[in-house]
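The structure appears right after this line, and notes come after that.
There are 2 protein chains.
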Amino acid sequence: MTDHELPSAVVVREVGPRDGFQNEPERIATADKIRLIEQLARTGLRRIEVASFVRPDVLPQLDDGVEVLERLEVPADVHLSVLVPNVRGLERALEHADRFHEVCVFASASETHNRRNVNRSVAESIAAIEEMVPRVRAAGLRCQAVIATAFGCPYEGVVPAERVLELTRRLEAAGADEVGYGDTTGMANPLQVRALFRRLRAATGEGLELTAHFHNTRGQGLANVLAALEAGISTFESSFGELGGCPVPKGATGNIATEDLVSLLHEMGIETGIDLAAVLEASREVQRVLGRPLGSHLLLAGPIEWPGGRPAAG
Amino acid sequence: MTDHELPSAVVVREVGPRDGFQNEPERIATADKIRLIEQLARTGLRRIEVASFVRPDVLPQLDDGVEVLERLEVPADVHLSVLVPNVRGLERALEHADRFHEVCVFASASETHNRRNVNRSVAESIAAIEEMVPRVRAAGLRCQAVIATAFGCPYEGVVPAERVLELTRRLEAAGADEVGYGDTTGMANPLQVRALFRRLRAATGEGLELTAHFHNTRGQGLANVLAALEAGISTFESSFGELGGCPVPKGATGNIATEDLVSLLHEMGIETGIDLAAVLEASREVQRVLGRPLGSHLLLAGPIEWPGGRPAAG
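The listed protein sequences correspond, in order, to chains Y and W.
Read in order, the letters of the first sequence are residues 1 to 314 in the working numbering.
Read in order, the letters of the second sequence are residues 315 to 628 in the working numbering.
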C-alpha cells in the first residue's frame with residue numbers, strides 16, 4: 001500500500017455507553033442510557049458497546065446492564081457489544097445472549113497495568129480469554145479481544161512490539177474475530193502506530209479484524225488515526241462527546257470523540273455511513289443529561305461548513 | 315520522499331505573543347508581555363512573533379508593540395518577527411528595525427475573507443506585498459508572507475490549489491524568504507494538506523521556506539501536522555497555551571498549542587531544540603496572567619512520561 005491509499009470506508013465502533021458512562025462520577029439513570037443508546041443507534045453507527053458484566057459493586061455506574069440490554073430497541077443492523085472481565089462475567093452475560101451480538105474481552109500488554117486493572121497477571125488474563133473465546137463463539141456471538149496499553153504503559157514505559165505481536169497471535173489462535181489495540185493512557189505516536197499496525201497486518205490472517213482505540217490525552221488522537229489509516233486499519237473506536245477514557249492512572253482521560261473522528265474521515269472522503277449531525281445531536285443530549293460541557297471539538301466549533309459543497313478529497 | 319521519511323528536525327515559530335495576545339478580550343500589561351516573551355525566548359524557541367503594526371485604534375491589545383520591542387531582551391539567536399498589515403504599518407515598523415529580524419505580511423487566498431479582514435481585494439493586498447517585500451529586504455530584514463484561508467474559506471468554501479500556487483509564485487517572485495499557509499478557520503484535512511504541500515514544494519525553489527499554520531478547531535490540527543511532515547514541510551507555527559486563532563468569523567478559535575506540537579514531534583524522534591517542560595512553564599505562567607485555564611492538552615494531562623526512557627522512534 002502506498003501512502004496515498006487510505007481505506008475508502010471505515011467502521012466506527014462507539015464505546016461511549018460503556019467506556020464513557022463507566023467513567024462518570026454519578027450513575028446515569030437507566031432510562032437516559034437507553035434513550036441515548038437508541039439515539040446513537042439511529043445515527044448510522046453500526047457497532048455500539050452498551051454494557052459491562054463487571055461486578056456491580058466494583059462498577060455501580062454500569063450495574064443496570066441487564067436492564068439496558070433487555071429494554072433497548074435498536075435497528076436490526078446495529079450490532080451491540082458487552083464487555084466481560086472474566087469467565088464469571090461471561091457466564092452472566094451469556095444468560096442474555098439473545099440481546100447482543102458481540103462479547104469484548106481484554107488484557108493489558110504490560111504486567112503492571114494488568115495487575116492494577118484486574119489484579120491478575122497477563123498470563124492469567126490470556127488463559128481466561130483462551131477459555132472464554134470458544135464459549136462466546138459457541139453461543140453464536142462474535143468475540144473482540146482488546147490489548148490495553150499496546151503502545152506504552154504508564155508504569156513500565158516501553159511495550160515492545162514483539163510483545164503485542166505475541167499476544168495477538170495467541171488471541172488469533174484462540175479464535176478471536178477481532179483484536180483491538182488500546183492506547184490506554186495516550187502514549188502512542190504516529191510513527192509507532194504506523195509501524196506496529198503494518199507489522200500486525202503482515203503477521204495476522206485476513207480474517208482477523210484489527211481495530212485501533214486511541215486516546216486524545218496529548219491532542220495526538222487524530223494524528224494516530226491518520227497513521228493507522230496509512231497502515232490499512234479501517235476500524236476505529238471512539239466515544240460520543242469525548243466521554244470516557246481510562247481511570248488507571250487517575251487523571252488520565254480522553255477517548256477520541258466520535259464526532260471529531262467522523263468529521264476527519266468525511267473531510268478526507270472516507271465513508272462511514274454515519275450522519276455527523278445526528279451524532280452531534282446525541283452528544284448535545286448527553287451533555288444535557290450530564291449537565292456539563294463535554295470536550296469534543298465539534299461540540300464547541302460545530303461541523304465544518306463548505307459553502308458550495310465540500311471539495312473532492314486530496 | 316517515501317512515507318517513512320519525515321524531516322529529522324523541525325523549526326517551531328511561536329505566534330502566541332502576537333496572534334494570541336491580540337485575541338484576548340483584555341489588553342495584557344506590557345510588563346507581562348515582555349516577561350512572557352523573555353520566558354519563551356529561554357525555552358529553545360528560535361522564532362517568535364512579538365508585535366503587530368496594525369493601527370492601535372483597530373487593535374488596542376497590541377498598541378504597545380514599540381515599547382515591547384524596545385524593552386525586550388532575548389538571546390542573540392532568537393529571531394523576532396513583527397506583523398505589518400500595509401505599507402504605512404511597515405514604515406512605522408522600520409523605524410525600529412534594529413529591534414527585530416523579520417517582517418510578516420499577509421493576504422487571504424479568498425476574496426471575501428481578505429475583504430472582511432483588511433477591507434481590500436486580494437489583488438490590492440498582493441500589490442502592497444510586492445511593494446513591501448523589497449523594502450523589508452533592503453532594510454536587511456527577512457520577509458515572511460502569509461496566505462490566509464489557504465485550505466478553505468468560511469465564506470467562499472473551496473480554495474483551489476491552483477489559486478494558492480499562483481499566489482505563492484507571486485510572493486516568491488516578489489522576494490519573500492518564506493511563505494506561510496494558514497488554515498485560518500480550521501477547514502484543512504490531512505489528504506488536502508499533503509497534496510497541496512507536495513505541489514507547493516515541487517513548484518517553488520529550494521530557497522523558499524514553506525511554513526504550515528494549522529488550527530485545531532475540529533481537533534485535526536496535529537493530524538494535519540503529520541500530513542505536512544509527510545510532504546516534507548519542516549516549519550510549523552503554533553501558540554503556547556493554545557492561545558489565539560482567527561477572530562473572523564466570530565467564534566473561530568484554536569491555534570495548535572506549541573506544547574502539544576512539540577510533544578508530538580519529540581515522541582516521533584523529531585528534533586526541535588525546544589525544552590518542552592520550559593514551554594509548559596511559560597503556558598502555565600500565561601494562564602496565571604490571564605486568570606483562566608487554557609486549552610492545550612499538555613496543560614491538562616502533563617507531558618508523556620516514559621519510565622525507563624522514551625522508545626526509539628517508529
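All C-beta atoms, glycine included, are put in the ideal place defined by N, C-alpha and C.
Would you say residue i faces chain W, with C-beta separation under 9 angstroms as the test?
i, result
"P190 of chain Y", "yes"
"L128 of chain Y", "Checking the displayed sequence, the identity of residue 128 of chain Y turns out to be Ala instead of Leu. No, no contact with chain W."
"S332 of chain Y", "The requested residue 332 of chain Y does not occur in the structure, where chain Y is confined to residues 1 to 314."
"Y181 of chain Y", "no"
"E237 of chain Y", "no"
"G251 of chain Y", "Bear in mind that the predicted position of G251 of chain Y carries a pLDDT of just 49, short of 50, making it too unreliable to give a figure here."
"A228 of chain Y", "no"
"M132 of chain Y", "no"
"G232 of chain Y", "no"
"G241 of chain Y", "no"
"G244 of chain Y", "no"
Output the boundary residues of the beta strand (DSSP E) element that contains residue i.
i, result
"Q601 of chain W", "Looking at the DSSP string, Q601 of chain W is not in any beta strand (DSSP E); the run it does join, the alpha helix (DSSP H), is L590 to L604."
"A441 of chain W", "Segment V436 to A452 is the alpha helix (DSSP H) holding A441 of chain W; no beta strand (DSSP E) there."
"T525 of chain W", "E523 to H527"
"R13 of chain Y", "V11 to E14"
"E492 of chain W", "E492 to G496"
Count the other C-beta atoms from every protein chain shown that fall within 10 angstroms of the C-beta of residue i, then say buried if there are 16 or more, exposed otherwise.
i, result
"E49 of chain Y", "buried"
"V602 of chain W", "Here residue 602 of chain W is Arg; the residue named in the question, Val, does not match the sequence. Looking at its Cβ environment, which holds fewer than 16 other Cβ atoms inside 10 Å, R602 of chain W is exposed."
"D412 of chain W", "exposed"
"R18 of chain Y", "buried"
"V329 of chain W", "buried"
"R47 of chain Y", "buried"
"E5 of chain Y", "exposed"
"R402 of chain W", "exposed"
"G555 of chain W", "buried"
"V58 of chain Y", "exposed"
"P190 of chain Y", "buried"
"E267 of chain Y", "buried"
"A76 of chain Y", "exposed"
"R606 of chain W", "exposed"
"S422 of chain W", "buried"
"G315 of chain Y", "With chain Y represented from 1 up to 314, any question about residue 315 of chain Y goes unanswered, as that position is not in the structure."
"S121 of chain Y", "exposed"
Over the uninterrupted alpha helix (DSSP H) stretch that includes residue i, give me the two end residues.
i, result
"H113 of chain Y", "E111 to V118"
"F550 of chain W", "Element bounds for F550 of chain W: not the alpha helix (DSSP H) but the beta strand (DSSP E), T549 to S552."
"E166 of chain Y", "A161 to A174"
"E381 of chain W", "G379 to R385"
"G329 of chain Y", "This structure cannot settle anything about residue 329 of chain Y, because the visible part of chain Y is limited to 1 through 314."
"V193 of chain Y", "P190 to A203"
"H297 of chain Y", "H297 to A301"
"V576 of chain W", "T572 to E581"
Return no unless some Cβ of chain Y is closer than 9 angstroms to the Cβ of residue i.
i, result
"E352 of chain W", "no"
"I570 of chain W", "yes"
"P625 of chain W", "yes"
"G622 of chain W", "yes"
"G379 of chain W", "no"
"G334 of chain W", "no"
"G330 of chain W", "no"
"G500 of chain W", "yes"
Can you pull the DSSP bridge partners for residue i?
i, result
"S108 of chain Y", "Y:A148"
"A31 of chain Y", "Beta-bridge pairing links A31 of chain Y to no other residue."
"A365 of chain W", "W:V396"
"E405 of chain W", "Bridge partners of E405 of chain W: none, in fact."
"E416 of chain W", "W:S395 and W:R456"
"G471 of chain W", "W:C467"
"N569 of chain W", "W:H529"
Determine, for residue i, whether the minimum Cβ-Cβ distance to residues of chain A falls below 9 angstroms.
i, result
"G358 of chain W", "Among the protein chains in the structure shown, which are Y and W, there is no chain A."
- prompt: In chain order, what residues of the stretch 143 to 176 of chain Y put their CB closer than 9 angstroms to some CB of chain W?
  reply: G152, C153, P154, Y155, E156, G157, V158, V159 and P160
Members of the stretch 517 to 539 of chain W near chain Y, C-beta cut-off 8 angstroms: N530, T531, R532, G533, Q534, G535, L536, A537 and V539
- request: Determine which residues of the stretch 602 to 620 of chain W have a Cβ less than 9 angstroms from any Cβ of chain Y, and write them out in chain order.
  value: S610, H611, L612, L614, A615, G616, P617, I618, E619 and W620
message: Please list, in chain order, the residues of the stretch 574 to 604 of chain W that have any C-beta partner in chain Y closer than 8 angstroms.
response: D574, S577, L578, E581, M582 and G583
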